[in-house]
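See structure below.
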């Protein structure tokens, strides 16, 4: 199965992953803020991936 994404969608996904990675590296320095930020970014990423999955399943 091939999945087609717009460059904007792909950039958003990559940005979410990068942000989550950065926060993982920073974890322990400012636990409360960083942890919440990482959770938010993972949630955003999962939501985006779920939307893409739902779109594919409809086809």
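Residue numbers (UniProt numbering): 1 to 59. We treat Cβ as the ideally placed atom computed from N, Cα and C, and that holds for glycine.
For residue 60 versus residue 13, is the C-beta distance shorter than 8 Å? Summary: the structure shown does not reach residue 60, with the chain confined to residues 1 through 59, and so no result is reported for it.
What's the gap between the Cα of residue 56 and the Cα of residue 6? Roughly 14 Å between the two C-alpha positions.
Measuring only the C-alpha atoms, how far is residue 22 from residue 39? Near 12 Å, if we compare the C-alpha coordinates of residue 39 and residue 22.
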